[in-house]
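Numbering (the UniProt record's numbering), first residue to last: 1 to 481.
Step one of this worksheet: look at the structure below.
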Amino acid sequence: MKKIPKRSRTVGRGIEELWKREVGELPPRAFAHRIWASEDLVLRLDIHKTLAEHRGCVNTVSFNQDGGILISGSDDRMIMLWNWDAGCVKLSFHSGHTDNVFQAKIMSYSDDRSVVTCAADGQVRHALIREDGQVETTNLGNHRGRVHKLAIEPGSPHIFYSCGEDGLVQHFDLRTKAATALFTCHSFHDNSHTVPIPIVHLNAIAIDPRNPNIFGIAGSDEYARLYDIRKCNLDGSTNYGHPVDCFCPQHLVGDDQVGITGLAFSDQSELLISYSDEQIYLFSRDLGLGPDPVPASQASPDAVAGTGLDPSNLDIDAKTGPQVYKGHRNLATVKGPNFFGPNCEYVVSGSDCGRIFIWRKKDGELLRVMPADTHVVNCVECHPHAAILATSGIEHDIKMWTPKATERASLPANVEEVLMPSRIAWFAINDDDDDDDFVVDDDDDDDDDEDDDNDDDDDDDSNDDDDGDDDADACFDKSFL
Numbered sequence: 001m002k003k004i005p006k007r008s009r010t011v012g013r014g015i016e017e018l019w020k021r022e023v024g025e026l027p028p029r030a031f032a033h034r035i036w037a038s039e040d041l042v043l044r045l046d047i048h049k050t051l052a053e054h055r056g057c058v059n060t061v062s063f064n065q066d067g068g069i070l071i072s073g074s075d076d077r078m079i080m081l082w083n084w085d086a087g088c089v090k091l092s093f094h095s096g097h098t099d100n101v102f103q104a105k106i107m108s109y110s111d112d113r114s115v116v117t118c119a120a121d122g123q124v125r126h127a128l129i130r131e132d133g134q135v136e137t138t139n140l141g142n143h144r145g146r147v148h149k150l151a152i153e154p155g156s157p158h159i160f161y162s163c164g165e166d167g168l169v170q171h172f173d174l175r176t177k178a179a180t181a182l183f184t185c186h187s188f189h190d191n192s193h194t195v196p197i198p199i200v201h202l203n204a205i206a207i208d209p210r211n212p213n214i215f216g217i218a219g220s221d222e223y224a225r226l227y228d229i230r231k232c233n234l235d236g237s238t239n240y241g242h243p244v245d246c247f248c249p250q251h252l253v254g255d256d257q258v259g260i261t262g263l264a265f266s267d268q269s270e271l272l273i274s275y276s277d278e279q280i281y282l283f284s285r286d287l288g289l290g291p292d293p294v295p296a297s298q299a300s301p302d303a304v305a306g307t308g309l310d311p312s313n314l315d316i317d318a319k320t321g322p323q324v325y326k327g328h329r330n331l332a333t334v335k336g337p338n339f340f341g342p343n344c345e346y347v348v349s350g351s352d353c354g355r356i357f358i359w360r361k362k363d364g365e366l367l368r369v370m371p372a373d374t375h376v377v378n379c380v381e382c383h384p385h386a387a388i389l390a391t392s393g394i395e396h397d398i399k400m401w402t403p404k405a406t407e408r409a410s411l412p413a414n415v416e417e418v419l420m421p422s423r424i425a426w427f428a429i430n431d432d433d434d435d436d437d438f439v440v441d442d443d444d445d446d447d448d449d450e451d452d453d454n455d456d457d458d459d460d461d462s463n464d465d466d467d468g469d470d471d472a473d474a475c476f477d478k479s480f481l
């Protein structure tokens, strides 16, 4: 007798949840969350809209608090607020930056009128959208070198942080327009005779959503560091820079050829870390190495052998390792991993091969590989309340993904061809070399545009140092009000 094939567990579960909803056994909110968590939706993600208005690489995409608006920033230095579902721009304005915009975020509880940005010019700026549709931009603070990331305090319309390649972490309060330098991050060094201790060039900063007092930073060495803002003096009177915990996979401790490009916290305070030319790792908080991790010279096999110590006796080797997510490439640009799902059931990341990777969080199984860019996918941003993704990369557009496909996708036959490239020490940054850029430069027809933009910027930003408000050029849609 021929056996009937077993029905997919995820599909069956989705039908079961739908039945419970129909007969009133499941509240609407619980129903929405359980459906969103279904792997069936992940396997049906497809392009819903392509948003194409920028004239350069799109380096940042982010949803507002309710998910109805998407904000983007680009090499063209423009900021755009999108009605992503309709595929149209609600508002666009010049950021005031003089170089590539790396991140733009809408502040919570600001009626979507307060925007903070950072860029390759080292500036951290604030844009205020006025009632008449004009946009005032202000330079809040500066770093020496590029500023890759901002982190907004959850639920706050005023507080956010920045980190830069100068190793500096700054705290901002929009109520006072004040920038407070908290500390400069230095590498852990066991040789007290080496002066100065090297600076860690920072690429990533993230805040724990369950405990907003805790934030993590990472950059040009192997460690992700956690700090407690309550131990930092916000008046700038001390340069406190000692972490409360550090995280690193055992085999990378002491490896001076790796660095970290992105961090993310889950709703359960797990820490997701993406390494350059390596893998993505998920750490529970009990896997920390403590505030003073094993020095590199002691953790390396050669050094340990020279001291007669058994590496198996080291504390880091006695702990269960983090969950690993394999298959993507992360070398060409600064990429950040992310969580997807109502309870962070999945891990997502872009890749140098131009595809999006989606893994099941709990066991690291690769579920989806989706082509999304002809070059590199840098950004994968998740909608706060639905199974929707926004992605961007070297191409000049943004792709919106929704579970609209009629057929469930499967992994491509050539997925094994996505191999890890040879390791390159690209994190060895020379601060004096302005041309040593992390971001892949897209030369397609943008040189003339950027030259023109630079001329305009020289005029527009000449008063930034005077802390004056810039009345930015704005293309305003009245429906935004």
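Every residue gets a Cβ at the ideal spot worked out from N, C-alpha and C, and that includes glycine.
Just so it is clear, the structure is predicted and the values come from calculations on it, not from any experiment.
Sorted by chain position, which residues of the same chain lie with C-beta nearer than 7 Å to aspartate 459's C-beta, five sequence neighbours on each side aside? Residue confidence for aspartate 459 is low, a pLDDT of 44 falling below 50, so the modelled location carries little weight; the figure read from the coordinates is stated next. Cβ neighbours of aspartate 459 beyond the five flanking positions: none.
Within the continuous beta strand (DSSP E) that includes aspartate 46, where are the two ends? 46–51
Would you mind reading off the limits of the alpha helix (DSSP H) that contains leucine 252? Per DSSP, leucine 252 belongs to no alpha helix (DSSP H) and is neither H nor E.
Does DSSP put aspartate 173 in a helix, in a strand, or in coil? strand
Judging by CA-CA distance, which residue of Val115, Asn142, Thr391 and Asp121 is the nearest neighbour of isoleucine 129? Val115
Output the boundary residues of the beta strand (DSSP E) element that contains glutamate 381. 377–382
Proximity below 8 Å, CB of histidine 94 to CB of aspartate 121: no
What's the call for asparagine 378, buried or exposed, on a 16-neighbour Cβ count within 10 Å? buried
Collapsed DSSP secondary structure at glutamate 136 in the structure displayed: strand
Around the C-beta of isoleucine 197, are 16 or more other C-beta atoms found within 10 angstroms, so that it is buried, or is it exposed? exposed
Need the endpoints of the beta strand (DSSP E) that valine 89 sits in, please. 88–94
Can you give me the start and stop residues for the alpha helix (DSSP H) that leucine 282 sits inside? That residue, leucine 282, is in no alpha helix (DSSP H); its beta strand (DSSP E) goes 280–283.
Would isoleucine 229 pass as an interface residue toward chain B - the criterion being a Cβ-Cβ separation below 8 Å? Any reference to chain B falls outside this structure, which holds one protein chain only.
Who are the Cβ neighbours of threonine 374 in its own chain at under 7 Å, not counting the five residues just before and after it? Gly354 and Glu395
Per DSSP, which one or two residues make a beta bridge with proline 337? For proline 337, which the question treats as bridged, DSSP gives no partner whatsoever.
Quick one: give me the first and last residue of the beta strand (DSSP E) that aspartate 228 is part of. 224–228
Select from Asp66, Gln268 and Gly216 the residue whose C-alpha is nearest the C-alpha of cysteine 248. Gly216
Any heavy atom of the ligand FMN closer than 7 Å to the beta-carbon of aspartate 363? For the ligand FMN, the structure offers nothing, since it holds no ligand at all.
Cross-strand partners of asparagine 142 (DSSP beta bridge): Gln123
Could you check whether leucine 263 and leucine 252 sit closer than 8 Å to each other, using their CB atoms as the reference points? no
Does DSSP put aspartate 286 in a helix, a strand or coil? helix
From the DSSP output, read off the bridge partner residues of tyrosine 161. Ala151 and His171
Straight-line Cα distance separating threonine 184 from aspartate 256: 19 Å
On the DSSP letters alone, give me the boundaries of the beta strand (DSSP E) that leucine 411 sits inside. Note, leucine 411: premise wrong, no beta strand (DSSP E); not H, not E.
Buried or exposed by the 16-neighbour rule on C-beta atoms within 10 Å, applied to alanine 86: exposed
According to DSSP, what are the bridge partners of isoleucine 79? Gly73 and Phe93
Using beta-carbon positions only, say whether isoleucine 388 and methionine 400 come within less than 8 Å of one another. yes
Please classify isoleucine 199: does DSSP put it in a helix, a strand, or coil? strand
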